[in-house]
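Residue numbers for the sequence shown follow my numbering, so the first one is 4 and each next one is one higher.
Yeah, the Cβ is synthetic: ideal placement off N, Cα and C, and Gly gets one too.
These numbers come from a predicted model, not from an experiment.
Worksheet for the structure shown next.
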Amino acid sequence: MVSRLVLVLGDQLSEGLSALREGNRETDTVVMAEVAEEATYVKHHPKKIALIFSAMRKFAARLEEDGWTVAYSQLDDTDNAGSIVGELLRRAEQTGAQEVVCTEPGEWRLISKLTHAPIKTTILGDDRFLASHKEFEDWAEGRKALRMEYFYRDMRRKTGLLMDGDKPAGGQWNFDHDNRKPAPGDIDPQGPLRFEPDNITGDVLALVETEFGSHFGELRPFWFATTRAQALKSLDHFIAHALPTFGDFQDAMLRGEDFLFHAVISPYLNIGLLGPLEVCQAAEKAYEKGDAPINAVEGFIRQIIGWREYVRGIYFLEGPEYASRNALKQNRDLPAMYWGGETSMACMGAAVDQTRREAYAHHIQRLMVTGNFALLAGIDPGQVADWYLEVYADAYEWVEAPNVVGMSQFADGGVIASKPYVSSGAYINKMSDYCKGCSYKVSQKTGEGACPFNTLYWHFLDRHRDRFSGNPRMGNMYGTWDRMDADKRATVISDADAVLAKLDAGEVV
Ligand code: FAD
Ligand code: DLZ
Ligand code: SF4
């Protein structure tokens with residue numbers, strides 16, 4: 004029998020991976036490689052690199068226990084070729100293998116490299132997701148608008164999650180109107196389960212510190228789960244301690260509370276330590292036992308079988324150039340505050356600071372603070388997307404690009420969102436405690452000290468009037484703007500221009 008190489012990438016750490024199912028443990032060699040190219044094509048947060056390398060080393064050991072021959076390359080191995088394709092070619096020469104089998108990578112970039120590799124390569128579908136590319140294409144076919152809600156209902160029917168026969172449990176598909184309350188100050192979320200680094204993780208931390216210490220973000224304390232067993236414990240911890248209140252405070256933001264009642268499982272789901280169905284079944288079980296209410300469980304399951312699957316479907320449906328779209332032609336450089344530069348905006352400071360420390364921010368911080376500001380300020384969506392890909396431990400292009408380019412920056416021209424996610428400071432003030440103690444005044448609309456979100460919000464609407472004024476969901480916004488006294492409008496625009504000029508000059512905003 005011909006021997007082959009079975010490639011397992013750093014975000015493919017699942018025992019049921021299609022490439023492993025296809026491989027033959029008697030004759031094939033599994034190739035796993037820590038490589039500089041993957042760690043630096045954007046400068047990933049050190050915590051993210053450490054998570055991937057440590058989880059890779061432990062997964063390789065598991066495969067060896069299961070009888071696989073694994074050719075594992077550590078980053079500092081002297082003969083490490085530095086890239087995935089380079090490592091495949093090196094291992095092919097060593098083993099005599101003439102073929103590679105792999106599971107489809109989550110980025111067009113790497114798919115292209117493997118497709119063009121000078122060795123026969125078979126790319127299998129990634130069936131760790133609930134919807135295949137074909138299923139998503141069939142769903143999208145002929146639809147004018149690809150709205151997540153309808154796709155989600157199909158996924159509920161397909162999986163049987165929260166279904167009473169052919170009807171949704173609780174009588175509704177979506178319980179969002181019961182969710183999204185501001186957090187009261189006296190809540191005490193436990194946060195995610197934290198794991199002490201063992202020897203393997205300790206070695207990885209030392210390596211990452213030496214090699215990638217200059218990347219944005221703090222490596223220590225490092226507490227992520229790095230094995231499936233630990234990730235399952237993290238999931239249980241979330242189900243027991245945070246799921247019951249997940250829905251209520253899903254959109255809330257509080258100083259000093261980095262995680263609130265979020266699951267913090269995306270870093271594990273996205274590298275394959277957890278599977279989407281088992282996560283949702285665990286949440287469904289909590290509902291059936293009466294341990295968590297329907298609004299929380301439905302909301303949580305929707306994020307996973309709805310949003311997560313939907314954004315992946317969009318990424319592969321729209322093709323390789325999706326990530327570089329710039330429908331609104333915004334082209335300002337990403338300001339230094341995204342890299343921890345000084346800012347007087349308390350909300351931006353808090354979101355960036357926790358991102359630096361934890362490689363994590365929750366959805367509303369990503370969408371309505373850092374994303375909202377970038378969109379209002381006219382930042383180049385390519386630079387915004389690179390930032391998100393670098394700084395979050397859960398960021399891989401299949402999930403990051405639709406969320407950033409599509410949902411957050413409207414740079415896909417409305418494939419994902421029916422209107423841009425923009426808000427003035429009032430929304431942030433309602434959902435957080437950031438504005439208390441900010442140098443800016445959220446109630447102030449113009450003049451020195453006015454919250455920058457307030458002036459930039461109108462500037463955005465004004466400069467994109469041609470595109471958005473006919474959007475029925477934005478009629479109220481334009482109505483309010485148009486009813487404003489002309490002098491007031493001129494002041495708002497000139498105040499916003501002053502904020503933008505400060506950004507352009509590299510001054511503190
Ligand atoms: P929870 O809030 O507890 O949600 C549970 C799970 O639902 C998550 O673990 C995740 O797997 C899934 N989920 C929720 N929302 C989404 C969504 N919009 N898209 C895909 N999955 C979702 N998520 C990533 O996994 N990787 C990214 O690179 C990423 N980039 C984002 C960029 C922007 C601008 C925005 C607005 C959102 C982004 N998200 C991304 C989605 C979401 O913010 C994260 O999935 C979530 O914050 C992860 O934390 P959690 O596990 O505590 O999630
Ligand atoms: C993100 C990442 C990093 C930082 N390092 C590696 C690595 O050294 N080896 C590897 O196989 N995979 C790594 N990855 C994950 C890949 O970049 C990922 O498979 C692609 O981005 C596709 O999702
Ligand atoms: Fe952010 Fe404006 Fe509130 Fe300050 S006042 S925290 S800038 S929303």
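- Message: Across the segment 257 to 269 and the segment 356 to 367, are there enough close Cβ pairs to call them in contact, namely three or more that are closer than 8 Å?
- Response: yes
- Message: Nearer than 7 Å: is that true of the beta carbon of Y395 relative to any heavy atom of the ligand FAD?
- Response: Along the sequence shown, one-based indexing puts residue 395 at 392. Y395 Cβ: within cutoff of the ligand FAD.
- Message: Please list the terminal residues of the continuous alpha helix (DSSP H) segment that includes V402.
- Response: Here the question's residue 402 lines up with position 399 in the sequence shown. Looking at the DSSP string, the run of the alpha helix (DSSP H) that includes V402 is E400 to A404.
- Length of the line joining the Cα atoms of T204 and S76: As a position in the sequence shown, residue 204 is number 201, starting the count at 1. As a position in the sequence shown, residue 76 is number 73, starting the count at 1. When rounded, the distance between both Cα atoms is 16 Å.
- Rounded to a whole number of angstroms, what is the C-alpha to C-alpha distance between D191 and P455? Here residue 191 refers to the residue found at position 188 when the sequence shown is read from its first residue. Here residue 455 refers to the residue found at position 452 when the sequence shown is read from its first residue. When rounded, the distance between both Cα atoms is 31 Å.
- Message: In the DSSP output, what is R335 paired with across the bridge?
- Response: For the purposes of this step, residue 335 is taken as residue 332 along the sequence shown, with counting starting at 1. Answer is I382, bridged to R335.
- Whose CA, out of R369, A504, N432 and N298, lies closest to the CA of M410? Position 407 of the sequence shown, counted from the first residue, corresponds to residue 410. For the residues R369, A504, N432 and N298, the minimum Cα distance to M410 belongs to R369.
- Task: Using the DSSP secondary-structure output, state which residues sit across from C105 in a beta bridge.
- Result: Stepping through the sequence shown from its first residue, residue 105 is reached at position 102. Bridge partners of C105: L10 and I126.
- Query: Where do the ends of the beta strand (DSSP E) carrying M35 lie?
  - Reply: Taking the first residue of the sequence shown as 1, we reach residue 35 at position 32. Start and end: T32 to A36.
- Message: Does the contact criterion of 3 or more C-beta pairs under 8 Å hold for the segment 383 to 393 versus the segment 460 to 475?
- Response: no
- Query: Roughly how many angstroms lie between the CA atoms of L117 and V267, to the nearest whole one?
  - Reply: Taking the sequence shown and counting its residues from 1, the one referred to as residue 117 is at position 114. Taking the sequence shown and counting its residues from 1, the one referred to as residue 267 is at position 264. Cα to Cα, L117 sits roughly 31 Å from V267.
- Query: So, helix, strand or coil for D167, using DSSP?
  - Reply: For the purposes of this step, residue 167 is taken as the residue at position 164 of the sequence shown. Strand at D167.
- Message: Let's see if you can read the secondary structure: which residues bound the beta strand (DSSP E) around Y75?
- Response: Walking along the sequence shown from the start, residue 75 turns up at place 72. Its beta strand (DSSP E) spans residues T72 to S76.
- L277 (DSSP reduced to helix, strand or coil): Within the sequence shown, residue 277 is the residue found at index 274, counting from 1. In the structure shown, L277 sits in coil (DSSP, three-state: anything other than H, G, I, E or B).
- Message: In this structure, how does DSSP classify K448 when only helix, strand and coil are distinguished?
- Response: By 1-based counting over the sequence shown, the position of residue 448 is 445. In the structure shown, K448 sits in coil (DSSP, three-state: anything other than H, G, I, E or B).
- If you measure from the CB of I307, is any heavy atom of the ligand SF4 nearer than 7 Å? Here residue 307 is taken as the residue at index 304 of the sequence shown, counted from 1. No, Cβ of I307 sits at least 7 Å from all heavy atoms of the ligand SF4.
- Item | Beta carbon of L515 nearer than 8 Å to that of F303 | Here the chain covers residues 4 to 512 and nothing more, so residue 515 does not appear.
- Candidates E90, A489, L16 and L127: closest to A74 by CA position: One-based indexing of the sequence shown puts residue 74 at position 71. Nearest of E90, A489, L16 and L127 to A74, Cα basis: E90.
- Item | S237 - DSSP class collapsed to helix/strand/coil | What you label residue 237 is simply residue 234 of the sequence shown in a count that begins at 1. Three-state result, S237: helix.
- Item | Straight-line gap, Y325 to Y318 (C-alpha atoms, nearest Å) | The residue given as residue 325 occupies position 322 in the sequence shown. The residue given as residue 318 occupies position 315 in the sequence shown. Taking the straight line joining both Cα atoms gives about 7 Å.
- Please name the residue, chosen from N202, T30, V5 and K50, that lies closest to K123 on a Cα-to-Cα basis. Locating residue 123 in the sequence shown gives position 120, counting from the first residue. Measuring from the Cα of K123, the nearest candidate turns out to be V5.
- Message: Under DSSP, the alpha helix (DSSP H) around P455 begins and ends at which residues?
- Response: Translated into the one-based positions of the sequence shown, residue 455 becomes position 452. Counting along the chain, the alpha helix (DSSP H) containing P455 begins and ends at P455 to R466.
- May I ask you to list the residues that DSSP assigns as paired with E260? Residue mapping note: residue 260 aligns to position 257 of the sequence shown, counting from 1. In the DSSP output, where bridge partners are listed per residue, E260 has L257.
- Message: Does the contact criterion of 3 or more C-beta pairs under 8 Å hold for the segment 394 to 407 versus the segment 471 to 483?
- Response: no
- Item | Sequence-distant residues of the same chain with beta carbon closer than 6 Å to G374, five excluded per side | For this step, residue 374 is matched to residue 371 along the sequence shown. These residues qualify, in order along the chain: S411.
- Would you identify the three-state DSSP class for S435, choosing helix, strand or coil? The residue given as residue 435 occupies position 432 in the sequence shown. Residue state, collapsed to three classes: strand.
- Going by other Cβ atoms of all chains shown within 10 Å of its Cβ, with 16 needed for buried, is G163 buried or exposed? Translated into the one-based positions of the sequence shown, residue 163 becomes position 160. It is exposed - the Cβ of G163 has fewer than 16 other Cβ atoms within 10 Å.
- Output the boundary residues of the alpha helix (DSSP H) element that contains Q357. Numbered from 1 along the sequence shown, position 354 holds the residue referred to as residue 357. Taken as a continuous stretch (DSSP letters only), the alpha helix (DSSP H) holding Q357 covers A349 to E361.
- How long is the line joining the alpha carbons of M525 and K288, rounded to whole angstroms? Missing from the structure shown is residue 525; the chain here goes from 4 to 512 and no further.
- Item | Spatially closest choice to F2 from C283, Y391, E321 and C350, by CA coordinates | Only positions 4 to 512 of the chain appear in this structure, which leaves residue 2 out of reach.
- Cutoff 7 Å; reference G509; Cβ partners in own chain excluding five residues on either side: As a working mapping, residue 509 is identified with position 506 in the sequence shown. So the qualifying residues of the chain are A339.
- Message: Taking only three categories from DSSP, how would you classify G344?
- Response: Translated into the one-based positions of the sequence shown, residue 344 becomes position 341. Three-state result, G344: coil.
- Task: State buried or exposed for G216, treating a residue as buried only when at least 16 other CB atoms are found within 10 Å of its CB.
- Result: One-based indexing of the sequence shown puts residue 216 at position 213. Exposed, because fewer than 16 other Cβ atoms sit within 10 Å of the Cβ of G216.
- Measure the C-alpha to C-alpha separation of P270 and V445 and round it to an integer number of angstroms. For the purposes of this step, residue 270 is taken as residue 267 along the sequence shown, with counting starting at 1. For the purposes of this step, residue 445 is taken as residue 442 along the sequence shown, with counting starting at 1. Cα to Cα, P270 sits roughly 34 Å from V445.
- Any non-hydrogen atom of the ligand MN closer than 7 Å to H47 Cβ: In terms of ligand content, the structure shown lacks the ligand MN and carries the ligand FAD, the ligand DLZ and the ligand SF4 instead.
- Query: Just to confirm, does I367 get its C-beta within under 7 Å of one of the non-hydrogen atoms of the ligand SF4?
  - Reply: As a position in the sequence shown, residue 367 is number 364, starting the count at 1. I367 Cβ: outside cutoff for every heavy atom of the ligand SF4.
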